[in-house]
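**Student:** There's a structure below that I have some questions on.
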Amino acid sequence: MKTKLLHAILPALSFFMIFGAFPCTAAEMDEHLTRCSRLEDDAERLNCFDELVNRLSPANREVTSSTIEKKAAPTVTTEGTNSVTPDREALSVMERRWDMRLEPRREGSFFVLWPYRPSYFLPVAYNSSPNKDAALDFDPRAKAMHNEVKFQLSFKVKLWRDIIRSNAVKEVIEKNTGIRGIDLWVAYTQQSFWQLYNSEFSAPFRETNYEPELLLNLRMQREIPYLMGTKLQFINFGFNHQSNGRSEPLSRSWNRIVANVAIERPFSPGKADSWGLLAKTWVRIPEDDAGDDNPDITDYMGYGELWGTLYLKKQRFAAMLRNNLRSDNRGAVQLEWSVPLSAIHRRLANKISLYVQYFNGYGESLLDYNKSTNRISAGVMLADWN
Numbered sequence: 022m023k024t025k026l027l028h029a030i031l032p033a034l035s036f037f038m039i040f041g042a043f044p045c046t047a048a049e050m051d052e053h054l055t056r057c058s059r060l061e062d063d064a065e066r067l068n069c070f071d072e073l074v075n076r077l078s079p080a081n082r083e084v085t086s087s088t089i090e091k092k093a094a095p096t097v098t099t100e101g102t103n104s105v106t107p108d109r110e111a112l113s114v115m116e117r118r119w120d121m122r123l124e125p126r127r128e129g130s131f132f133v134l135w136p137y138r139p140s141y142f143l144p145v146a147y148n149s150s151p152n153k154d155a156a157l158d159f160d161p162r163a164k165a166m167h168n169e170v171k172f173q174l175s176f177k178v179k180l181w182r183d184i185i186r187s188n189a190v191k192e193v194i195e196k197n198t199g200i201r202g203i204d205l206w207v208a209y210t211q212q213s214f215w216q217l218y219n220s221e222f223s224a225p226f227r228e229t230n231y232e233p234e235l236l237l238n239l240r241m242q243r244e245i246p247y248l249m250g251t252k253l254q255f256i257n258f259g260f261n262h263q264s265n266g267r268s269e270p271l272s273r274s275w276n277r278i279v280a281n282v283a284i285e286r287p288f289s290p291g292k293a294d295s296w297g298l299l300a301k302t303w304v305r306i307p308e309d310d311a312g313d314d315n316p317d318i319t320d321y322m323g324y325g326e327l328w329g330t331l332y333l334k335k336q337r338f339a340a341m342l343r344n345n346l347r348s349d350n351r352g353a354v355q356l357e358w359s360v361p362l363s364a365i366h367r368r369l370a371n372k373i374s375l376y377v378q379y380f381n382g383y384g385e386s387l388l389d390y391n392k393s394t395n396r397i398s399a400g401v402m403l404a405d406w407n
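For reference, each letter of the sequence shown is one residue, going 22 to 407 in the working numbering.
Here it is, written out as structure tokens:
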């Protein structure tokens with residue numbers, strides 16, 4: 022039993038060991054210094070630097086005072102007013118997550134892990150209507166408990182920045198289409214449902230979904246007329262595979278061609294607060310009838326979903342809506358709220374957030390794609406960890 026529990030818990034906690042072990046990396050420290058240097062109010066700027074010092078490990082506290090002073094000192098413009106000269110462009114949430122800098126990073130951003138979808142660990146994930154038709158395959162007598170552990174690991178890697186290398190060709194493309202650059206990304210998401218509290222049947226994993234993607238991202242970063250600073254940030258296209266790696270009769274899988282469009286509007290200095298919309302659409306790649314584990318999956322999952330996200334005063338609010346656009350009106354809604362631990366107390370972790378999630382509808386997992394789920398979950402989520 023102990024061995025099984027050890028093997029079960031390792032994948033659930035691995036991303037916290039990898040991404041949460043270090044309180045402050047050099048890149049993160051530099052970004053924090055830059056953010057502090059942009060603050061015009063002296064008291065706010067001092068508090069910002071104090072917060073950074075409190076987060077540093079003893080080894081990293083050997084940052085020289087000259088570095089801090091250089092970042093903290095305001096510059097004086099020709100008009101004689103205090104101003105800040107940032108050493109890097111201010112980026113919104115979407116621009117940071119998709120590395121949409123006008124100039125590539127000096128330190129390089131290739132083959133670096135970037136956040137994709139939320140990565141979280143939810144020890145409380147209560148489902149009021151568990152799927153009783155799909156028995157746990159390790160024991161036909163076993164039934165799923167209402168409460169289980171739900172966790173997700175999701176990241177992406179940039180394989181190729183600026184596929185079009187010729188400046189002349191890029192200028193023609195930008196002039197005629199508005200596309201500022203084209204990047205190639207690969208992404209991976211793994212979501213698991215773990216019956217940790219089902220000790221009678223050795224706490225099995227009820228379901229795990231594996232979802233690799235290949236995405237061609239078109240960087241737009243264009244203001245939309247008459248929408249008060251709202252930008253069309255990106256359009257991407259790609260291939261998505263999702264499966265649960267199970268044998269019959271519990272095997273589920275499908276392949277899709279996906280297309281996503283994102284708009285965003287920052288509304289605070291430094292672009293820390295913003296709202297965004299992400300429209301995700303897909304077309305399923307047909308399979309032969311004999312090999313199709315779930316021929317009616319689009320009847321429940323539809324052909325797209327809409328995500329809305331609001332970042333406000335360090336909090337994150339998100340909502341997902343999905344519908345099959347048919348008379349039977351099958352779909353799903355997911356609501357999310359998170360806040361960094363550091364917002365509760367400045368000495369707590371800045372990269373880990375308290376996280377609450379509510380899901381109602383079809384398709385929470387592949388195994389349950391045709392069963393309605395009503396679940397409330399709570400735990401922790403990794404913030405912008407890149």
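Backbone N, C-alpha and C define an ideal beta-carbon position, used for all residues, glycine too.
Tell me whether Thr330 sits in a helix, a strand or coil according to DSSP, three-state version.
**Tutor:** Thr330: strand per DSSP, three-state reduction.
**Student:** Can you give me the C-alpha to C-alpha distance between Trp296 and Tyr383, rounded to a whole angstrom?
**Tutor:** Using only the alpha carbons, I get a separation of about 26 Å.
**Student:** Which one of Glu232, Ala146, Arg201, Val114 has the shortest CA to CA distance from Asn261?
**Tutor:** Ranking Glu232, Ala146, Arg201, Val114 by Cα distance to Asn261 puts Glu232 first.
**Student:** Could you tell me the distance, in whole angstroms, from the CA atom of Leu271 to the CA atom of Asn395?
**Tutor:** Roughly 21 Å between the two C-alpha positions.
**Student:** Just the C-alpha distance for Asn188 and Asn197, rounded to the nearest angstrom, thanks.
**Tutor:** So the two alpha carbons sit approximately 14 Å from each other.
**Student:** Between which two residues does the beta strand (DSSP E) containing Glu357 stretch?
**Tutor:** Here the beta strand (DSSP E) through Glu357 covers 352 to 361.
**Student:** Compute the Euclidean distance between the alpha carbons of Lys252 and Leu356, then round it to the nearest angstrom.
**Tutor:** Cα to Cα, the separation comes out at about 24 Å.
**Student:** My output table needs one value for Gly251: the three-state DSSP class, helix, strand or coil.
**Tutor:** Note on identity: in this sequence residue 251 is Thr, with Gly being the wrong assignment. Looking at Thr251 - three-state DSSP - the assignment turns out to be coil, as it is neither helix nor strand.
**Student:** So is Lys334 buried or exposed if we call it buried at 16+ other beta carbons inside 10 Å?
**Tutor:** Lys334 comes out exposed.
**Student:** Flag this pair as yes or no: are the beta carbons of Leu235 and Asn257 separated by less than 8 Å?
**Tutor:** No.
**Student:** What is the DSSP secondary structure of Ser58, reduced to helix, strand or coil?
**Tutor:** Residue state, collapsed to three classes: helix.
**Student:** What separation, rounded to the nearest whole angstrom, lies between the Cα atoms of Ser149 and Glu221?
**Tutor:** Cα to Cα, Ser149 sits roughly 20 Å from Glu221.
**Student:** Where does Val114 fall in DSSP's three states?
**Tutor:** In the structure shown, Val114 sits in a helix (DSSP, three-state: H, G or I).
**Student:** Would you call the segment 160 to 177 in contact with the segment 207 to 222, where contact means no fewer than 3 C-beta pairs closer than 8 Å?
**Tutor:** The segment 160 to 177 is in contact with the segment 207 to 222.
**Student:** Looking only at C-alpha atoms, which of Phe176, Ser268, Trp119, Ala283 sits nearest to Asp204?
**Tutor:** Comparing Cα positions, the closest option is Trp119.
**Student:** Is it the case that the Cβ atoms of Phe176 and Leu237 are separated by a distance below 8 Å?
**Tutor:** Cβ distance not < 8 Å, so Phe176 and Leu237 don't count as in contact.
**Student:** Going by the beta-carbon positions, is the gap between Lys301 and Trp328 smaller than 8 Å?
**Tutor:** Yes, the pair counts as a contact, with Cβ atoms nearer than the cut-off.
**Student:** Starting from the C-beta of Val243, find all residues in its chain whose C-beta is less than 7 Å away, skip the five residues before and the five after it, and write them out in chain order.
**Tutor:** Residue 243 is actually Arg in this sequence, not Val. Cβ neighbours of Arg243 beyond the five flanking positions: Gly199, Lys252, Leu253.
**Student:** Check whether the Cβ atoms of Asn371 and Ser363 lie closer than 8 Å to each other.
**Tutor:** Their beta carbons are under 8 Å apart, which means Asn371 touches Ser363 by this criterion.
**Student:** Would you kindly work out how many angstroms separate the C-alpha atoms of Glu195 and Ile185, rounded to a whole number?
**Tutor:** Taking the straight line from one Cα to the other gives about 11 Å.
**Student:** How is the beta strand (DSSP E) around Lys171 delimited, first residue to last?
**Tutor:** Taken as a continuous stretch (DSSP letters only), the beta strand (DSSP E) holding Lys171 covers 168 to 181.
**Student:** Going straight from the alpha carbon of Leu180 to that of Arg122, what length do you get?
**Tutor:** C-alpha separation (whole angstroms): 16 Å.
**Student:** What would DSSP say about Asp389, mapped onto helix, strand or coil?
**Tutor:** The answer is coil: DSSP assigns Asp389 none of H, G, I, E or B.
**Student:** Give a yes or no on whether the C-beta atoms belonging to Asn350 and Tyr321 are separated by under 8 Å.
**Tutor:** No. Outside cutoff.
**Student:** Helix, strand or coil for Glu269? Go by DSSP, reduced to three states.
**Tutor:** In the structure shown, Glu269 sits in coil (DSSP, three-state: anything other than H, G, I, E or B).
**Student:** Please confirm whether Arg305 and Leu388 have their CB atoms less than 8 Å apart.
**Tutor:** Contact flag unset, no.
**Student:** In chain order, what residues of the same chain have a beta carbon less than 7 Å from the beta carbon of Ser393, not counting five sequence neighbours either side?
**Tutor:** Within the same chain, Ser393 has close Cβ partners Ser150, Gly382, Tyr383.
**Student:** In the DSSP assignment, find the unbroken beta strand (DSSP E) run with Ile278 in it and report its ends.
**Tutor:** Per DSSP, Ile278 belongs to the beta strand (DSSP E) from 274 to 287.
**Student:** Does the beta-carbon distance from Val401 to Ile373 come in below 8 Å?
**Tutor:** Against a cut-off of 8 Å, the Cβ pair of Ile373 and Val401 comes out as a contact.
**Student:** Taking the alpha-carbon of Ile284 as reference, which of Ile278, Arg277, Asp317, Pro246 has the nearest alpha-carbon?
**Tutor:** Out of Ile278, Arg277, Asp317, Pro246, Pro246 has the C-alpha closest to the C-alpha of Ile284.
**Student:** With a CB to CB cut of under 8 Å and the five nearest residues on each side skipped, what residues in its chain are close to Arg227?
**Tutor:** Here the set comprises Leu157, Ala165, Glu169, Phe214, Trp215, Gln216, Leu388.
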